[in-house]
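If you read the sequence shown in this note's numbering, its first letter stands for residue 11, the second for the next number, and so on. The beta carbon of each residue, even a glycine, is placed where N, CA and C say it ideally should be. Given the structure is predicted, the values throughout are model-derived calculations rather than measurements. As structure tokens, the structure follows; a few thoughts come after it.
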Amino acid sequence: MISTITLGLAIAAFAKSAAGHASIWHQSMWGFNVTAQTFSYDNRPVVPLQQMPFNQWWFHNHLAYPPHPDDFMEFPAGGSVNMQISCDKGYTDLYASAPGGDIRDPNSPLACPGQPTTAIHANNIEDVAGCAIGIAYKSDVNDVQPQDFAIFTVNYTCPWYLNTEFQIPADMPACPEGGCICGWFWIHNPDSGSEQMYMNGFQCKITGQTGNTPIGTPGLARRCGADPANGKPDASPNNCTVGPVQPFYWDQQEGNNVGMFEGIYSPPLYNGLYGFVDGAQPNLFQEPTVGGAPAAVPASSSAPAQSPSPSAQSVPVVASSSADTAAGSVAVSASVNVPQPATTSASAIAASAPKCKRRLPGEKKQKKRKSKARRSSIERHLKKRLAHESH
Ligand SMILES: [Cu+2]
11 MISTITLGLA
21 IAAFAKSAAG
31 HASIWHQSMW
41 GFNVTAQTFS
51 YDNRPVVPLQ
61 QMPFNQWWFH
71 NHLAYPPHPD
81 DFMEFPAGGS
91 VNMQISCDKG
101 YTDLYASAPG
111 GDIRDPNSPL
121 ACPGQPTTAI
131 HANNIEDVAG
141 CAIGIAYKSD
151 VNDVQPQDFA
161 IFTVNYTCPW
171 YLNTEFQIPA
181 DMPACPEGGC
191 ICGWFWIHNP
201 DSGSEQMYMN
211 GFQCKITGQT
221 GNTPIGTPGL
231 ARRCGADPAN
241 GKPDASPNNC
251 TVGPVQPFYW
261 DQQEGNNVGM
271 FEGIYSPPLY
281 NGLYGFVDGA
291 QPNLFQEPTV
301 GGAPAAVPAS
311 SSAPAQSPSP
321 SAQSVPVVAS
331 SSADTAAGSV
341 AVSASVNVPQ
351 PATTSASAIA
361 ASAPKCKRRL
371 PGEKKQKKRK
381 SKARRSSIER
391 HLKKRLAHES
401 H
């Protein structure tokens with residue numbers, strides 16, 4: 011009896027500490043066995059990335075924790091793959107190597123069973139914003155640059171469920187001899203938890219009926235869907251990037267490729283807002299276009315994968331990716347200096363281990379927009395956030 015109670019308390023305590031955030035879980039990933047103690051800060055794969063220098067967010071700073079050379083996630087061209095996404099390895103089929111052991115819940119299909127849905131930054135299932143898988147046709151992770159990844163599949167309902175199915179486009183070309191490098195990417199809606207992005211790298215291969223046409227040079231997805239929170243009730247399909255696009259690199263100290271115009275309260279999302287379909291992405295085997303004209307493809311970035319400049323880093327952006335851009339306009343590529351975030355709170359956030367916390371008041375004031383719709387949207391978000399205990 012006593013031991014049962016003790017066990018119950020231990021489980022309760024563990025469940026509390028396991029709350030929040032999410033990642034894929036697979037032995038092909040970098041950082042699969044990284045625990046809260048591996049780094050000087052909590053750098054478990056599930057920990058969000060926000061306001062970090064390049065090396066700290068790129069591959070989640072897990073490059074020194076590679077998978078076994080033979081462990082690959084296999085994606086069958088034209089088929090689908092189930093991936094497990096959770097806030098703790100103990101909820102997944104790979105619980106055996108979880109620090110807290112087996113905490114699976116056979117009665118719950120959720121990514122984080124028994125926890126408030128705010129653990130995955132969603133107030134309800136309608137509030138999930140989707141996640142994505144990108145692929146780089148390179149075998150050596152040290153050769154992979156941010157602009158090498160092309161998003162090839164998206165799941166709109168991610169990360170609501172533990173088991174998340176990803177459709178693989180038909181005719182995806184095979185990988186080089188040593189396989190490919192893939193990444194899982196997720197950004198949540200702005201109304202549940204603070205702004206952040208997620209990235210986990212893993213080894214992958216394309217199997218089955220592979221094609222021979224390579225994926226085009228990944229461009230940048232543009233905000234082109236209905237965006238009522240920003241006063242745009244209607245989608246602008248002509249403003250979408252058609253063709254392969256890069257993941258969003260966002261809300262970091264350096265290396266961002268999106269978000270210069272929309273602001274921190276309007277995160278880029280892997281759903282229709284940025285022209286992604288739910289499932290296998292179409293039009294991959296072409297160069298990206300916007301409104302029927304060739305889209306600007308970011309030039310080979312000056313952002314080195316290994317040693318980025320510490321402060322103002324020159325990264326390519328599509329200048330007209332703003333929500334305010336007229337539909338049908340053609341993207342213009344520009345190399346701009348990305349300034350350090352102006353808020354003092356940003357450095358404070360970077361100094362501490364990243365966690366889901368409320369925004370500091372000064373940040374709110376600084377980011378406040380003029381538009382009435384915009385303002386009420388922010389107020390709504392903040393109200394919800396105040397009601398939501400940080401985790
Ligand atoms: Cu989180």
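Assigned with DSSP and collapsed to three states, T127 falls in helix. Per DSSP, the beta bridge partners of T174 are M93. Short of 6 angstroms from the beta carbon of W196, and not among the five residues preceding or following it, lie these beta carbons of its own chain, in chain order: C141, Y208. The straight-line gap separating the alpha-carbon atoms of W68 and G269 is approximately 17 angstroms. Contact annotation: S246 and G189 have beta-carbon atoms that are not nearer than 7 angstroms. For N210, the enclosing beta strand (DSSP E) has its first and last residue at 208-218.
In summary, A236 is exposed, with fewer than 16 beta-carbon neighbours lying within 10 Å of its beta-carbon over all protein chains present. Look at W196 here: in three-state DSSP terms it is strand. Around the Cβ of T223, a 10 Å sphere holds fewer than 16 other Cβ atoms; the residue is exposed.
Note that the C-beta distance between A290 and T163 is below 7 angstroms. Sequence-distant Cβ neighbours of E187 in its own chain, meaning closer than 8 angstroms and more than five residues away, are S149.
When only Cα atoms are considered, A132 and I143 end up about 20 angstroms apart. Here the C-alpha atom of A180 lies approximately 29 angstroms from the C-alpha atom of L104. Cβ neighbours of D115 within its own chain (closer than 8 angstroms, five residues either side excluded): Y101, P123, G124. Counting C-beta atoms within 10 angstroms of its own C-beta, H70 has 16 or more neighbours from the protein chains shown and is therefore classed as buried.
Shortest gap from the CB of H31 to any heavy atom of ligand 1: under 6 angstroms.
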